[in-house]
Structures are given as C-alpha cells and as structure tokens.
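*Asks:*
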Amino acid sequence: MTRRAADARSAETADTPLSDLLPGARAIITAVGADAACLDPGAPHGRLARRLHDLGLIPGRAITARRRAPLGDPTVFQVADYELCLRRHDAALVTVRVIDDAPDPAARAAGAAS
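And the structure:
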C-alpha cells in the first residue's frame with residue numbers, strides 16, 4: 040500500500056467530532072466527552088457529557104446526521120429509533136468514527152436546506 044493510500048485510509052477511519060458530520064452521513068459513537076472522567080458531574084463539561092450519555096449517545100451506537108438548520112446550527116441526528124437535535128457546541132463533545140459519508144451532494148444540499 041502506498042503512503043498516499045495509507046493516509047487516505049487512516050483519514051477515513053479517524054475519529055472526528057459529531058459536530059463535523061454532514062447531513063446524510065452515518066457514524067459510530069466512539070466517546071462522549073474527552074474520556075470517562077468527563078461523565079463525572081464535577082469535571083469540565085461533566086454535566087453536559089452525562090446528559091448526552093443519558094440521551095442515548097453511548098459509545099458503539101450508530102448515529103446519522105439528518106438535517107442542519109439554515110445557518111448551520113443546530114443539527115438533527117437520528118440515534119436508534121428517535122431524532123435528537125443538538126447545538127454544534129454540544130455535539131462537539133461527542134467523538135465518532137464515520138462509516139458512511141453522505142451518499143451524494145444532493146443529499147447534503149437537502150439536509151442543509153431542511
């Protein structure tokens with residue numbers, strides 16, 4: 040495998056903030072907060088990280104970005120069998136691994152316009 044192919048492959052599997060997920064893209068949640076210590080209510084962002092966890096944002100669970108508000112914030116995500124609307128700042132606390140990018144530019148445009 041060439042270096043360029045290896046770099047492209049590692050970029051595909053790299054963890055990224057949930058806030059960067061484009062409408063139509065699917066991912067697997069890898070972490071909520073920086074680490075398990077963030078779930079402690081006394082830690083920075085601890086209460087928010089705990090709340091996100093309580094809402095079903097659990098490592099290993101699939102999540103799909105459905106649509107984004109016209110100005111880019113907030114975004115609607117599908118988790119399990121329900122939809123959840125998160126502000127960009129809150130979604131940035133969740134780390135995901137993208138498994139399927141948005142299928143095509145039309146899907147991205149539809150998600151951004153909704």
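All residue numbers in the sequence shown are consecutive under this note's numbering, ending with 153.
Where a beta carbon is used, it is the ideal one built from N, C-alpha and C, also for glycine.
Considering Cα atoms alone, identify which of R126, A130, I67 and H128 is closest to A98.
*Replies:* The residue labelled residue 98 in the question sits at position 59 within the sequence shown. The sequence shown places Pro at residue 98, not Ala. Residue I67 is the option with its Cα nearest to P98.
*Asks:* In this structure, does DSSP put R65 in helix, strand or coil?
*Replies:* Here residue 65 refers to the residue found at position 26 of the sequence shown. It is a strand residue.
*Asks:* Is the distance from the Cβ of L96 to the Cβ of V133 below 8 Å?
*Replies:* Here the question's residue 96 lines up with position 57 in the sequence shown. Here the question's residue 133 lines up with position 94 in the sequence shown. Yes, they are a contact pair.
*Asks:* Can you tell me whether D129 is buried or exposed, with buried defined as 16 or more other CB within 10 angstroms of its CB?
*Replies:* Indexing the sequence shown from 1 puts residue 129 at position 90. By the neighbour-count rule (16 or more Cβ atoms within 10 Å), D129 is buried.
*Asks:* I'd like to know whether the C-beta atoms of G72 and A53 end up nearer to each other than 8 Å.
*Replies:* In the sequence shown, residue 72 corresponds to position 33, counting from 1. In the sequence shown, residue 53 corresponds to position 14, counting from 1. Result no, Cβ atoms of G72 and A53 do not sit closer than 8 Å.
*Asks:* Is R126 closer than 8 Å to D139 when the C-beta atoms are compared?
*Replies:* One-based indexing of the sequence shown puts residue 139 at position 100. One-based indexing of the sequence shown puts residue 126 at position 87. No, the Cβ-Cβ distance between D139 and R126 is not below 8 Å.
*Asks:* Looking only at C-alpha atoms, which of A70, R107 and E122 sits nearest to L60?
*Replies:* The count along the sequence shown starts at 1 and reaches residue 60 at position 21. The residue with the shortest Cα to Cα distance from L60 is R107.
*Asks:* Given that a residue counts as buried once 16 or more other Cβ atoms are within 10 Å of its Cβ, and exposed if not, what is P62?
*Replies:* The sequence position of residue 62 within the sequence shown is 23, counting from 1. With 16 or more other Cβ atoms within 10 Å, it is buried.
*Asks:* Which stretch, first to last residue, makes up the beta strand (DSSP E) that contains D93?
*Replies:* Along the sequence shown, read from residue 1 onward, the residue named residue 93 stands at position 54. It is not in any beta strand (DSSP E) - D93 instead sits in the alpha helix (DSSP H) that spans G85 to D93.
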